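Enquirer:
Chains as they are written, first to last, in the numbering used here: chain H, 1 to 134; chain A, 1 to 134.
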């Protein structure tokens, strides 16, 4: 059994929200969009389809719960869910709150422009709101 | 019980590959990337997290199977899986074969440049390969 270590780039670009049963829940430090990232605590997981079915089911419960909470908190128009991994191979799932008029709507968030870090108080408040709702 | 109808834009931009138990499996008519789209046969489904758990589990089996087959057939470097729906609200899941050096790698496929339609023989062959592998 190997040890799970959060990818350094994911760690650097996010705030910790919650350790869930299967995943670390993170908030991307980019105020352009409320943007959650779930990282399953599995060493060397890369491709979604290479997980066992019960692993996918456990993780998906947390994806769906996170998406539901994100939509309720933000009132967004559409939740975007994605597992890409072209830049960071450690398996992680994006859950992003999107609305008409946000930066690059209706295009994707990935690779668009420069990140806009939160001020600390705003990030703290959003993290607390997420923790309270989860 | 209402009738499932494939969104006209999804129908126009794809080839039919297979009717699976839960989803219509489509091939996007864009030869830049081998790109599958799964559309659950559920009227009015929009957000992944609003489905019942058993519905998500049934669909996810087909997502994982499609991703596995796509990676095997294409030998791609990374599979990208996403449910976005910013442009077409009918719930659909993208499963895209990505490799270093493909158009816009490592950025996303959505909203990038203009689609490049297949010639009919190439599309037929890819559809047949997919059907044989599924």
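Glycine residues also receive a C-beta, built at the ideal position from the N, C-alpha and C atoms.
Since we're looking at a predicted model, the values are computed, not measured.
1. Does the distance from the CB of residue 42 of chain H to the CB of residue 55 of chain H come in under 9 Å?
2. When you check each C-beta in the segment 79-107 of chain A against every C-beta of chain H, which residues fall closer than 7 Å?
3. Is the segment 104-117 of chain H touching the segment 91-100 of chain A in the sense that three or more CB pairs, one from each, lie closer than 8 Å?
4. Are the segment 68-77 of chain H and the segment 28-40 of chain H touching by the rule of at least three beta carbon pairs closer than 8 Å?
5. So is residue 61 of chain H in contact with chain A if we call contact Cβ pairs under 9 Å?
6. Starting from residue 8 of chain A, trace the alpha helix (DSSP H) in both directions and tell me its first and last residue.
7. Tell me where the alpha helix (DSSP H) around residue 56 of chain A begins and ends.
8. Tell me, to the nearest whole angstrom, how far the beta carbon of residue 22 of chain H is from that of residue 59 of chain H; I am working on the premise that it is less than 8 Å.
9. Rounded to whole angstroms, what is the Cα-Cα separation between residue 9 of chain A and residue 64 of chain A?
10. Shorter than 9 Å from the beta carbon of residue 133 of chain A to some beta carbon of chain H?
11. By DSSP's criteria, residue 36 of chain A is part of a beta bridge. Which residues make up the other side?
12. Shortest alpha-carbon distance to residue 125 of chain A belongs to which of A/52, A/106, A/27, A/83?
13. With H, G and I counted as helix, E and B as strand and the rest as coil, what does DSSP make of residue 88 of chain A?
14. Just to confirm the assignment, what range does the beta strand (DSSP E) spanning residue 79 of chain A have?
15. Starting from the beta carbon of residue 53 of chain H, find every residue of chain A whose beta carbon is closer than 9 Å, and list them in chain order.
16. Going by DSSP, name the residue or residues bridged to residue 22 of chain A.
17. Output the distance between the C-alpha atoms of residue 45 of chain A and residue 89 of chain A, rounded to the nearest integer angstrom.
18. Under 9 Å, Cβ to Cβ, is there at least one residue of chain H near residue 22 of chain A?
19. So with CB distances below 9 Å, who are the chain A contacts of residue 114 of chain H?
20. Do you know offhand how far residue 50 of chain H's Cα is from residue 3 of chain H's?
21. Spatial neighbours of residue 18 of chain H within its chain, please: CB distance less than 7 Å, with the 5 preceding and 5 following residues excluded, ordered by chain position.
22. Can you list the residues of chain H that residue 48 of chain A reaches, using a CB-CB cut of under 8 Å?
23. I'd like the span of the alpha helix (DSSP H) that includes residue 132 of chain H, first residue to last.
24. So, using beta-carbon positions, are residue 107 of chain H and residue 111 of chain A closer together than 9 Å?
25. Residue 75 of chain A CB to nearest chain H CB: under 9 Å?
26. Alpha carbon to alpha carbon, how far is residue 78 of chain A from residue 85 of chain H? Give it in angstroms, no decimals.
27. State yes or no: is the C-beta of residue 127 of chain H within less than 9 Å of the C-beta of residue 16 of chain H?
28. Could you tell me whether the Cβ atoms of residue 48 of chain A and residue 83 of chain A are closer together than 9 Å?
Expert: Considering the structure as presented:
1. As a first step, residue 42 of chain H must be located in the first chain, where it is residue number 42. As a first step, residue 55 of chain H must be located in the first chain, where it is residue number 55. Contact flag set, yes.
2. 79, 80, 81, 82, 83, 84, 85, 86, 87, 98, 105, 106, 107
3. no
4. yes
5. For the purposes of this step, residue 61 of chain H is identified with residue 61 of the first chain, where counting begins at 1. Judged by the 9 Å Cβ criterion, residue 61 of chain H is in contact with chain A.
6. For the purposes of this step, residue 8 of chain A is taken as residue 8 along the second chain, with counting starting at 1. Where residue 8 of chain A is concerned, the enclosing alpha helix (DSSP H) stretches over 8-12.
7. Position 56 of the second chain, counted from the start, is the residue given in the question as residue 56 of chain A. Residues 53-74.
8. Your numbering for residue 22 of chain H matches position 22 in the first chain. Your numbering for residue 59 of chain H matches position 59 in the first chain. Yes, they are in contact, since the Cβ atoms of residue 22 of chain H and residue 59 of chain H sit about 5 Å apart, within 8 Å.
9. To locate residue 9 of chain A, count along the second chain from 1; it is residue 9. To locate residue 64 of chain A, count along the second chain from 1; it is residue 64. In a straight line, the C-alpha of residue 9 of chain A is about 24 Å away from that of residue 64 of chain A.
10. The residue you call residue 133 of chain A lines up with position 133 of the second chain. Chain H contact via Cβ: absent.
11. Residue 36 of chain A sits at position 36 when you count from the first residue of the second chain. In DSSP, residue 36 of chain A forms a bridge with A/27, A/95.
12. If you number the second chain from 1, residue 125 of chain A lands on position 125. Ranking A/52, A/106, A/27, A/83 by Cα distance to residue 125 of chain A puts A/27 first.
13. Start at 1 with the first residue of the second chain, and residue 88 of chain A comes out as number 88. Reduced to three states, the DSSP call for residue 88 of chain A is coil.
14. For the purposes of this step, residue 79 of chain A is taken as residue 79 along the second chain, with counting starting at 1. It spans 78-83 - the beta strand (DSSP E) in which residue 79 of chain A sits, taken as one unbroken run.
15. As a working mapping, residue 53 of chain H is identified with position 53 in the first chain. Chain A residues near residue 53 of chain H: 57, 60, 61, 64.
16. In the second chain, residue 22 of chain A corresponds to position 22, counting from 1. In DSSP, residue 22 of chain A forms no bridge with anything.
17. Here residue 45 of chain A refers to the residue found at position 45 when the second chain is read from its first residue. Here residue 89 of chain A refers to the residue found at position 89 when the second chain is read from its first residue. Looking at the two C-alpha atoms, the distance is approximately 8 Å.
18. Here the question's residue 22 of chain A lines up with position 22 in the second chain. Not one chain H Cβ lies under 9 Å of residue 22 of chain A.
19. On the first chain, position 114 is the one that residue 114 of chain H refers to. Those do not exist, as residue 114 of chain H stays about 14 Å from chain A at its closest Cβ, beyond 9 Å.
20. If you number the first chain from 1, residue 50 of chain H lands on position 50. If you number the first chain from 1, residue 3 of chain H lands on position 3. Approximately 19 Å between the Cα atoms of the pair.
21. As a working mapping, residue 18 of chain H is identified with position 18 in the first chain. So the list reads 25, 131, 134, once near-sequence residues are dropped.
22. Working through the second chain from its first residue, we reach residue 48 of chain A at position 48. Those within 8 Å of residue 48 of chain A in chain H are 63, 64, 67, 79, 81.
23. Reading the first chain from its first residue, position 132 is the one you call residue 132 of chain H. Unbroken alpha helix (DSSP H) run through residue 132 of chain H: 120-133.
24. Taking the first residue of the first chain as 1, we reach residue 107 of chain H at position 107. Taking the first residue of the second chain as 1, we reach residue 111 of chain A at position 111. In contact: residue 107 of chain H and residue 111 of chain A (Cβ atoms closer than 9 Å).
25. To locate residue 75 of chain A, count along the second chain from 1; it is residue 75. Output row for residue 75 of chain A: interface = no.
26. Counting from one through the first chain, the residue named residue 85 of chain H turns up at place 85. Counting from one through the second chain, the residue named residue 78 of chain A turns up at place 78. Between residue 85 of chain H and residue 78 of chain A, the C-alpha separation is close to 7 Å.
27. Position 127 of the first chain, counted from the first residue, corresponds to residue 127 of chain H. Position 16 of the first chain, counted from the first residue, corresponds to residue 16 of chain H. It is a contact, given that the beta carbons lie within the stated cut-off.
28. Your numbering for residue 48 of chain A matches position 48 in the second chain. Your numbering for residue 83 of chain A matches position 83 in the second chain. Contact: yes.
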